[in-house]
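Asker: Pasting a structure here, questions to come.
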């Protein structure tokens with residue numbers, strides 16, 4: 126009985142800590158606030174033939190951002206090689222789009238260079254490098270971790286020898302081709318992304334005869350970062366204030 130009495134006595138002297146009305150009002154205003162508009166930011170796509178800072182690589186250098194993942198036998202997959210002008214096959218020494226094109230396209234501005242399965246040259250007998258007939262697939266990878274994939278947009282131009290016949294995003298074809306190697310062909314990719322994680326962008330090229338190569342530039346490659354919604358923040362705030370309401374103190 127004595128213990129019970131003591132418990133009742135202590136309980137009688139406990140009070141609930143009040144929460145200031147300003148905290149509750151702030152949580153309500155936060156819940157009613159308009160959605161936060163995230164800004165589109167770059168997602169780390171690179172043109173062909175450049176380094177990590179966007180500067181052109183030298184003729185014969187390894188490509189840093191694209192892999193040749195499929196090629197007709199006996200050409201093995203591997204790391205493409207940068208091919209630059211003014212010598213063959215890049216204009217003015219050859220038929221491929223020049224290093225610094227002036228076509229009036231917005232794709233002229235970004236720095237880029239041609240890449241190919243090997244260094245393309247003219248042999249001493251006067252015959253140029255010949256790559257096997259068939260399809261070649263070049264892949265670049267970008268990371269959408271922390272981004273909203275539904276907001277991702279990729280746009281740019283490409284050129285290919287002999288022709289580009291498809292662009293794939295995460296193995297899904299977009300049915301976009303490139304007309305050839307002397308001019309740019311624009312492309313846009315705005316659907317088919319996976320969840321925020323690594324994504325594959327493939328360029329498929331078909332070679333009829335002689336050397337083959339690929340050139341890609343981007344005029345846009347952006348997505349919006351994932352941000353917490355005001356309502357979610359408000360619920361967290363209300364939960365914290367709710368915990369405070371049930372805290373008790375001795376007086």
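In the numbering used here, the protein residues as written are 126 to 376.
Every residue, glycine too, gets a C-beta built ideally from N, C-alpha and C.
CA-CA distance, residue 181 and residue 235?
Answerer: Your numbering for residue 181 matches position 56 in the chain shown. Your numbering for residue 235 matches position 110 in the chain shown. Going by the C-alpha atoms only, they are around 10 Å apart.
Asker: Using only the alpha-carbon positions, how far apart do residue 163 and residue 351 sit?
Answerer: The residue given as residue 163 occupies position 38 in the chain shown. The residue given as residue 351 occupies position 226 in the chain shown. Between residue 163 and residue 351, the C-alpha separation is close to 8 Å.
Asker: Does the region 195 to 214 come close enough to the region 240 to 248 that 3 or more CB-CB pairs lie under 8 Å?
Answerer: As far as the Cβ criterion goes, the region 240 to 248 touches the region 195 to 214, which means the pair count is three or higher.
Asker: Per DSSP, what kind of secondary structure is residue 217 in: helix, strand or coil?
Answerer: For this step, residue 217 is matched to residue 92 along the chain shown. Coil, per DSSP.
Asker: Determine the direct distance from the alpha carbon of residue 202 to that of residue 195, and round the result to whole angstroms.
Answerer: Position 70 of the chain shown, counted from the first residue, corresponds to residue 195. Position 77 of the chain shown, counted from the first residue, corresponds to residue 202. Cα-Cα distance, rounded: 5 Å.
Asker: With a cut-off of 8 Å on the beta carbons, I'd call residue 327 and residue 263 a contact; round off their distance for me.
Answerer: Position 202 of the chain shown, counted from the start, is the residue given in the question as residue 327. Position 138 of the chain shown, counted from the start, is the residue given in the question as residue 263. Their Cβ separation, rounded to whole angstroms, is 7 Å, which keeps residue 327 and residue 263 in contact under 8 Å.
Asker: Looking at residue 221: is its Cβ nearer than 8 Å to the Cβ of residue 174?
Answerer: Taking the chain shown and counting its residues from 1, one reaches residue 221 at position 96. Taking the chain shown and counting its residues from 1, one reaches residue 174 at position 49. In this structure, residue 174 does not lie closer than 8 Å to residue 221 by Cβ.
Asker: Between which two residues does the beta strand (DSSP E) harbouring residue 349 extend?
Answerer: As a working mapping, residue 349 is identified with position 224 in the chain shown. Counting along the chain, the beta strand (DSSP E) containing residue 349 begins and ends at 338 to 350.
Asker: What separation, rounded to the nearest whole angstrom, lies between the Cα atoms of residue 329 and residue 337?
Answerer: Here residue 329 refers to the residue found at position 204 when the chain shown is read from its first residue. Here residue 337 refers to the residue found at position 212 when the chain shown is read from its first residue. Their Cα atoms are separated by approximately 11 Å.
Asker: What's the C-alpha gap between residue 289 and residue 259?
Answerer: Indexing the chain shown from 1 puts residue 289 at position 164. Indexing the chain shown from 1 puts residue 259 at position 134. Cα to Cα, residue 289 sits roughly 12 Å from residue 259.
Asker: Would you call residue 334 buried or exposed, if buried means 16 or more other Cβ atoms sit within 10 Å of its Cβ?
Answerer: Here residue 334 corresponds to residue number 209 of the chain shown, with the count starting at 1. With fewer than 16 other Cβ atoms within 10 Å, it is exposed.
Asker: Grouping DSSP H, G and I as helix and E and B as strand, with all else coil, what is residue 231?
Answerer: Residue numbering aside, residue 231 sits at position 106 when the chain shown is read from its first letter. It is helical.
Asker: Measuring CA to CA, which of 308, 270, 293 is closest to residue 282?
Answerer: Within the chain shown, numbered from 1, the residue matching residue 282 stands at position 157. Ranking the options by Cα distance to residue 282, first place goes to 308.
Asker: Whose CA, out of 277, 176, 339, lies closest to the CA of residue 306?
Answerer: To locate residue 306, count along the chain shown from 1; it is residue 181. Of 277, 176, 339, the residue nearest in Cα terms is 339.
Asker: Throw me the rounded Cβ distance for the residue 317 and residue 170 pair, which I believe falls under 8 Å.
Answerer: Counted from its first residue, the chain shown places residue 317 at position 192. Counted from its first residue, the chain shown places residue 170 at position 45. No, residue 317 and residue 170 are not in contact; Cβ-Cβ is about 15 Å, not under 8 Å.
Asker: Based on DSSP bridge pairs, tell me the residues matched to residue 294.
Answerer: Looking up residue 294 in the chain shown gives position 169. 297, 326.
Asker: Can you tell me which of 304, 217, 296, 198 puts its alpha carbon nearest to the alpha carbon of residue 324?
Answerer: As a first step, residue 324 must be located in the chain shown, where it is residue number 199. Comparing Cα-Cα distances from residue 324 to each of 304, 217, 296, 198, the minimum goes to 296.
Asker: Please report the straight-line C-alpha distance between residue 237 and residue 250, rounded to a whole angstrom.
Answerer: Locating residue 237 in the chain shown gives position 112, counting from the first residue. Locating residue 250 in the chain shown gives position 125, counting from the first residue. One C-alpha to the other measures close to 30 Å.
Asker: Give the secondary structure of residue 276 by DSSP, where H, G and I count as helix, E and B as strand, and everything else as coil.
Answerer: Indexing the chain shown from 1 puts residue 276 at position 151. In this structure, residue 276 counts as strand in the three-state DSSP scheme.
Asker: When you compare only the Cα positions, how much space is there between residue 223 and residue 215?
Answerer: Start at 1 with the first residue of the chain shown, and residue 223 comes out as number 98. Start at 1 with the first residue of the chain shown, and residue 215 comes out as number 90. Those two C-alpha atoms are separated by around 6 Å.
Asker: Helix, strand or coil, according to DSSP, for residue 243 in the structure here?
Answerer: Within the chain shown, residue 243 is the residue found at index 118, counting from 1. Residue 243: coil per DSSP, three-state reduction.
Asker: For residue 188, list the residues DSSP reports as bridge partners.
Answerer: The residue you call residue 188 lines up with position 63 of the chain shown. BP columns for residue 188 are empty, so no partner.
Asker: Would residue 294 pass as a contact of residue 312 if the rule is Cβ separation under 8 Å?
Answerer: As a working mapping, residue 294 is identified with position 169 in the chain shown. As a working mapping, residue 312 is identified with position 187 in the chain shown. It is not a contact, given that the beta carbons lie outside the stated cut-off.
Asker: Could you tell me which of 342, 349, 348 sits nearest to residue 225, measuring between CA atoms?
Answerer: Counting from one through the chain shown, the residue named residue 225 turns up at place 100. Closest by alpha carbon: 342.
Asker: How many Å lie between residue 167 and residue 273 at the Cα?
Answerer: For the purposes of this step, residue 167 is identified with residue 42 of the chain shown, where counting begins at 1. For the purposes of this step, residue 273 is identified with residue 148 of the chain shown, where counting begins at 1. Going by the C-alpha atoms only, they are around 12 Å apart.
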